[in-house]
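Visitor: The structure's right below; bear with me while I get my questions together.
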Amino acid sequence: MKKKNLIFFIPEFVKGGAGNSIVSLCKNINKNFFFINIICLGKCEYKRELSQNIKIFELDKKRTLFAQFAIRKIISSILSNSLKTIFISNFFYANVLVGLFQKKDKNIKYIFTERTTLSELYIYFGIKDFLKKNIIKLLVKILYRKADLVIANSKKVSKDLKLFANCITNHVYPGTFKKFNKKKFNKKKVKHILWVGRLAKEKGLEILLKGFRKIDKKRYKLKIIGSGPLRNELARQVKDYNLNNNIELIGYKKNISAYLKKSDLLINTSYFEGFPNVVIEALSNSVPVISSKSKGGIYEILKDGAYGNLFDLDRPNDLTKKINFFLKNPEDLNKKAQASKKHLFKFEKKKSAKNYEKIFLNL
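Each number in our numbering comes from the position in the sequence shown (counting from 1) with 50 added on.
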């Protein structure tokens, strides 16, 4: 069997959920079937983690729009080996620009991958964001059907895209699960709570802080892991709310396992998220989860609340109630986390890579 060229395009190849998913796929996919290439804008933060036989193109461009000509040149050079090629782009805005500017060729197939929900395009943070997202919505509706396939990271995202853009879709769960680690639960009064993610508006950090303002300060310690544009504003709010002794900003951490092992609860407050990998990591370490109803893969991970509790973003006090209930009755949520063991195997790294392999080989 002849090898195929795979070209992954991710505009910002920075530390985070999307980057981790692509790196995991590149590490676990069968290299006997594929030559792997990665295109990104600026520096690839995962360069040291990827093997030398993976070719990385770091474009000196700040915007995806202005990178299209350079991307076309790279595609042409890769096509020169006369092998069938699959171009895999990521995220709404990158996908629509690829659909607009990249040429069709008999030896190349285009896959658009989507890691977040359509609801992202219906939540606005200002007029500029409103205009940008409405343009992207229109382009998604027009251009996604041009792709040979659209792959989503959950059934929910896949179904929504199919209905919205009338395109061919499939879903592959990200390979996040490694093994299930059982642990003894903390019976002490003070509970250690963890939040992990990018410090950005879409992650619902204001909901997180409001949720903890009415919680008894003697009952918890909260660690926030992550970096992002809201770092300084978040630090100021923690101080303004007089929560300095209860909330600690840790910054970005490559490996959060050590923190999960010491945590009694994980909270996820995202407005939109296709597939929150950190929830899988938490359950893998027997850490109970309270998550927002973010309209993506969270329902598939928690099986509609069977393996964790969900709170309503439209009800400001709902998170506070869920936290208070856990602090008073931790056994209920602990049992849900323990019950997730068999369910988590569908999110295994090797299983995810195999599912992608099948798609790439049959396309």
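Ideal Cβ placement from N, Cα and C applies to all residues, glycine included.
Report, in whole angstroms, the separation of the C-beta atoms of S342 and G254, which I expect to be a contact under 8 Å.
Guide: That pair is a contact at about 6 Å.
Visitor: Of all the options L213, G355, D179 and N184, which has the alpha carbon lying nearest to the alpha carbon of R195?
Guide: L213
Visitor: Using 8 Å as the cut-off, can you tell me whether the stretch 205–222 makes contact with the stretch 277–285, which would need three or more C-beta pairs spanning the two stretches below that distance?
Guide: no
Visitor: Spell out a yes or no on whether the stretch 379–394 and the stretch 223–243 are touching, meaning 3 or more CB-CB pairs, one atom from each, closer than 8 Å.
Guide: Flag = yes, the stretch 379–394 and the stretch 223–243 touch.
Visitor: Exposed or buried, G347, counting other C-beta atoms within 10 Å across all chains shown (16 or more means buried)?
Guide: buried
Visitor: Just list the residues that DSSP pairs G301 with in beta bridges.
Guide: In the DSSP assignment, G301 forms a beta bridge with I275.
Visitor: Run through the DSSP bridge pairs and tell me what S341 is partnered with.
Guide: N318 and L360
Visitor: Alpha carbon to alpha carbon, how far is K312 from N82? Give it in angstroms, no decimals.
Guide: 40 Å
Visitor: Which runs of the beta strand (DSSP E) at least 3 residues long sit entirely within the stretch 154–232? Give them in chain order.
Guide: 158–164, 199–202 and 219–221
Visitor: Do the CB positions of L48 and K260 come within less than 9 Å of each other?
Guide: Shown here, the chain extends from 51 to 413; a query on residue 48 therefore has no answer.
Visitor: So, with DSSP's three-state summary, where would you put I136?
Guide: strand
Visitor: If you draw a straight line from the C-alpha of P224 to the C-alpha of N203, how long is it?
Guide: 6 Å
Visitor: Determine contact between the stretch 72–91 and the stretch 99–111, defined as no fewer than three beta-carbon pairs at a distance below 8 Å.
Guide: yes
Visitor: Rounded to whole angstroms, what is the Cα-Cα separation between Y321 and N157?
Guide: Answer to the nearest angstrom: the Cα atoms are 39 Å apart.
Visitor: Under a Cβ-count criterion, where at least 16 other Cβ atoms within 10 Å of its own Cβ denotes burial, should Y357 be classed as buried or exposed?
Guide: buried
Visitor: Ordered along the chain, which non-local residues of its own chain (more than five positions away) have a Cβ less than 7 Å from that of V200?
Guide: F162, E164, Y194, L211, C217, I218 and T219
Visitor: State the CB to CB distance for the pair F273 and I300, rounded to an integer number of angstroms; the pair is presumed to be in contact (CB under 8 Å).
Guide: Sequence inspection shows Lys at residue 273; the Phe mentioned does not correspond to that position. Contact holds; Cβ gap of about 6 Å.
Visitor: Compare the C-alpha of K191 against each of D179, Y160, S126 and F142 and name the closest.
Guide: Of D179, Y160, S126 and F142, the residue nearest in Cα terms is F142.
Visitor: Check whether the Cβ atoms of F59 and C94 sit closer than 9 Å, and answer yes or no.
Guide: no
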